[in-house]
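Novice: Line order of the protein sequences matches chains R and E.
Residue numbers for the first sequence follow numbering that gives the first Met the number 0, beginning at 0 and rising by one.
Residue numbers for the second sequence follow numbering that gives the first Met the number 0, beginning at 0 and rising by one.
No residue lacks a Cβ here, since even glycine has one placed at the ideal position from N, Cα and C.
Following this message is one structure expressed as structure tokens.
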Amino acid sequence: MKKFIAGIALAAVSSFAWTINGTGATFPYPVYKQWIKSFYEKTGNKVNYTGTGSGTGIKEVALRHVDFGGSDKPLSPATLKKGQLYQFPTVIGGIALSYNIPGVNNLKLSEEAIKGIVLGTIKYWDNPMIVKYNPQAKLPHKKIIFVHRSDKSGTTFNFTYYLSKMSPEWNQKFGARKLINWPTDAQGRSIAGKGNFGVSAAIKTNPYSIGYVDYADAVKNGLKMAEVQAADGKFVAPTPKNFAEGAKYAGFDPKLDFYKVIAYPKHGYPIIAATFILVPKEKIQNDKKVTAFFDYGYTNGDKAALKLGYVPLPESIKDMVRKYWADKGIAPAK
Amino acid sequence: MEAFFKRLSALSATTILLILTSIFVVLFLYAKPAIEAYGLKFLVDPRWDVVITPQKATSAPKKTENLGGVNVDNEDDIPTVNIPKQNQKINVQEDDLGDIPTPASTTKVNTQDDDLAGVNVQEEDLGISAPTQNTQPQKQKVIYGGLVPIVGTILSTALAMIFAVPIAMGIAIFLSEIAPPFISKPVGIAIELLAAIPSIIYGMWGLFYFGPFISHIFGGGSVSLLVAGLVLGIMIIPFMASLTRDSMKTTPDVLKESAYAMGATKFEVIKDVIFPYAKKGIIGSMILALGRALGETMAVAFVIGGVFTFPHKLTDPTVSIPVVLANNFAESSGMSLSALFYLALILFVISFIVISFAKFYFLRDKK
């Protein structure tokens with residue numbers, strides 16, 4: 000009898016449990032996966048998220064095929080209005096410049112050096128621009144092999160966004176794009192990899208190479224990561240602490256639907272990026288479920304995010320997002 | 000019953016034709032904007048996704064206030080075509096707009112059109128969508144040209160065939176004529192197993208092990224045209240070998256025995272009896288393998304490099320059509336999506352031409 004009652008109770012609970020579906024950016028996928036798991040264990044509600052790429056995420060949510068879409072690239076308020084979407088950030092991640100030079104371990108790259116490497120004007124590792132800040136390192140006279148993504152990606156977008164803000168020349172010539180015909184391609188010093196792991200593998204297997212990889216992947220693959228000159232001139236290592244330092248200066252504005260690419264902050268590690276969630280304006284009931292899930296992530300998911308190499312949003316921004324939800328009438332039902 | 004059976008089988012055959020036609024039509028419809036914009040020049044233009052600025056006045060920085068003046072470029076949202084064409088694009092794409100309200104699109108054709116074409120908020124979002132920026136798009140033009148992937152596809156397939164054909168023939172001859180049964184059986188099974196391995200596994204193996212190994216021997220990077228060709232070759236060997244072996248085995252023993260009785264050596268029997276007899280099957284196996292090599296995506300995507308440049312050496316990275324599609328499809332929309340469909344259409348036509356040429360040329364005198 001007891002069992003029977005318990006069974007009914009369970010059935011009652013599970014009939015209230017709901018499922019929401021989302022798709023989009025692959026960059027935050029590991030974090031969402033963790034959050035989804037613990038959210039399910041705690042509430043019994045299911046969230047499905049598939050990493051298909053930011054472009055797909057936007058398309059799918061714009062077509063209302065899914066309850067929410069993930070994008071590494073924020074949408075402008077005008078675009079959001081057109082697509083009838085709301086937008087808010089979830090986590091922050093860093094992009095590391097990973098390198099493979101046998102015998103060199105603490106590479107420091109100034110802005111000039113990074114600029115020269117991506118623009119193809121610095122061709123050898125023993126270029127004075129690089130040696131200047133690495134007097135101890137034994138930099139060989141070897142060609143720099145630049146490793147980049149072969150697929151269109153949010154990581155490339157965020158990295159080139161950083162380059163654009165740092166270097167007017169880059170901005171003029173290339174700007175921020177998801178796919179770039181890198182100047183080093185034409186010089187035959189490029190290798191391209193598919194996905195973050197493709198880039199990681201290429202860096203690992205090709206000596207004297209350097210490339211940009213999501214921090215989480217660089218850590219997973221045990222790649223060496225360069226210290227990068229920040230906007231304030233200091234050299235900072237890619238660590239969650241330095242990402243968080245940069246995130247403080249993100250300058251999100253709820254009035255603009257958090258439309259902001261946060262790369263190149265005043266202080267802290269410069270190559271950082273936030274990832275965003277898009278929800279349809281008219282599906283308020285569903286949106287409340289989506290925000291309930293992300294509210295759970297904001298409240299309980301910081302540790303999981305840090306462990307995976309991401310940076311949780313600063314509390315002030317989380318509160319901003321919660322207020323944004325309340326203003327739009329999509330705050331999670333309490 | 001008999002009539003029904005005939006109908007049914009005729010229906011199955013028609014399905015194939017229907018599918019083929021519908022694929023072709025869909026590819027064509029989606030590719031239409033790109034075909035109109037670039038025409039046949041697409042086939043010979045080596046530039047992909049390159050922004051050209053006819054007038055120098057692209058002062059993007061002043062445009063986006065809160066983005067700190069970054070020239071956020073958005074591939075296809077920059078209209079490369081004039082207004083009537085854009086309207087056509089709207090027509091083509093309107094189906095997938097679904098329930099998205101699109102009032103804005105009609106008024107600001109120049110700036111807003113593309114995003115809506117792909118529903119794609121994504122592409123146009125940062126740079127152009129701000130209402131103040133009406134002027135910028137007209138000054139820039141994005142060029143898509145398919146020559147690099149077309150050349151890459153042909154080169155990597157040719158490399159694969161050159162590498163695979165002799166080895167596959169050797170395997171088939173060994174298995175069907177030379178090896179004793181206790182060797183040929185297990186080896187035959189192993190080859191069939193190889194044929195069943197998903198291509199992504201070849202890709203991963205190529206990326207982590209085979210690529211570095213090749214670059215160690217031949218120089219160059221761990222991903223290159225050479226690696227892609229060899230991995231492709233390895234992938235199609237099992238197909239070719241097992242089909243060739245099967246068709247060689249169909250040679251009647253009477254023929255072989257009479258040849259041996261006449262004093263022919265093993266080499267002569269293989270050359271003069273078995274090969275002519277099994278020729279059709281052998282060429283058929285090559286055509287099947289060629290088809291697979293032309294369209295192979297995942298394995299090649301890992302190892303070819305995905306760089307839009309012509310390979311000057313075998314060890315340079317380049318790109319092939321299926322790889323471009325796989326790499327860019329998820330993130331494309333508007334004109335870049337339509338350029339991808341154009342490429343897909345080209346691949347379709349190339350495969351069709353190559354395979355029908357092979358069929359007619361090699362098999363013309365047999366029936």
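1. At a Cβ threshold of 7 Å, is E/Gly220 touching chain R?
2. Run through DSSP, which three-state label would R/His147 get?
3. List, in order along the chain, the chain E residues whose C-beta lies closer than 8 Å to that of R/Ser97?
4. To the nearest angstrom, how far is the alpha carbon of R/Gly210 from that of R/Lys193?
5. List, in chain order, every chain R residue whose beta-carbon is nearer than 8 Å to that of E/Ser331.
6. Does the beta carbon of R/Leu108 come closer than 7 Å to any beta carbon on chain E?
7. Looking at the unbroken beta strand (DSSP E) that takes in R/Glu226, where does it start and where does it end?
8. Could you say if the stretch 287-304 of chain E and the stretch 148-165 of chain E meet the contact criterion of at least three C-beta pairs nearer than 8 Å?
9. Any idea which residues DSSP pairs R/Leu84 with across the strands?
10. Assign E/Ser335 to one of three DSSP states: helix, strand, or coil.
11. CB R/Phe26 to CB R/Thr274, shorter than 7 Å?
12. Can you tell me the Cα-Cα spacing of E/Val50 and E/Lys248, whole angstroms?
13. Identify, in the order they occur along the chain, each residue of the same chain with its Cβ nearer than 6 Å to the Cβ of R/Gly197, setting aside the five sequence neighbours on each side.
14. By the DSSP assignment, the beta strand (DSSP E) with E/Ala258 in it spans what residues?
15. Spell out a yes or no on whether the stretch 52-64 of chain R and the stretch 85-102 of chain R are touching, meaning 3 or more CB-CB pairs, one atom from each, closer than 8 Å.
16. Please tell me whether E/Gly304 and E/Pro316 are closer than 7 Å, where the distance is taken between their beta carbons.
17. In whole angstroms, what separates the C-alpha of R/Ala185 from that of E/Thr308?
18. Hey, how far is the Cα of E/Gln132 from the Cα of R/Ser37?
19. Give the interface partners of E/Val226 over in chain R, defined as CB-CB distance under 7 Å, in chain order.
20. Following the continuous beta strand (DSSP E) through E/Ala240, name the residue where it begins and the one where it ends.
21. Just to confirm, is the Cβ distance from E/Ser337 to E/Pro32 under 7 Å?
22. Report the three-state DSSP secondary structure of R/Val289 (helix, strand or coil).
23. Is there a C-beta anywhere in chain E that falls below 7 Å from the one on R/Asn195?
24. R/Leu255 and R/Pro76 - do their beta-carbons sit closer together than 7 Å?
25. Taking the beta carbon of E/Arg427 as the centre, do at least 16 other beta carbons fall within 10 Å, making it buried, or is it exposed?
26. With 7 Å set as the bound, which would you pick, yes or no: does the beta-carbon of R/Asn20 sit closer than that to a beta-carbon of chain E?
27. Determine, using beta carbons only, whether R/Ile190 comes closer than 7 Å to chain E.
28. Examine chain R for any beta-carbon lying closer than 7 Å to the beta-carbon of E/Phe301, and answer yes or no.
29. What distance in whole Å lies between the Cβ atoms of R/Ile276 and R/Gly82, which are believed to be in contact at a cut-off of 8 Å?
Specialist: Taking the structure as given:
1. yes
2. strand
3. Under the 8 Å cutoff, chain E gives no residues; its nearest Cβ is about 15 Å from R/Ser97.
4. 13 Å
5. Gly54, Lys151
6. no
7. 226-228
8. yes
9. R/Pro279
10. helix
11. yes
12. 57 Å
13. none
14. No beta strand (DSSP E) contains E/Ala258, which is instead part of the alpha helix (DSSP H) from 252-260.
15. no
16. yes
17. 7 Å
18. In this prediction, E/Gln132 has a pLDDT of 34, which is less than 50 and means its spatial position is unreliable; what the coordinates show is noted afterwards. Each residue's Cα considered, the two are about 45 Å apart.
19. Chain R residues near E/Val226: none, gap ~11 Å exceeds 7 Å.
20. No beta strand (DSSP E) holds E/Ala240; the alpha helix (DSSP H) holding it covers 224-248.
21. yes
22. helix
23. no
24. yes
25. Outside the modelled stretch of chain E, which goes from 0 to 366, sits residue 427 of chain E, for which no answer is possible.
26. no
27. yes
28. yes
29. Going by Cβ atoms, the distance from R/Gly82 to R/Ile276 rounds to 14 Å, so no, they are not a contact pair.
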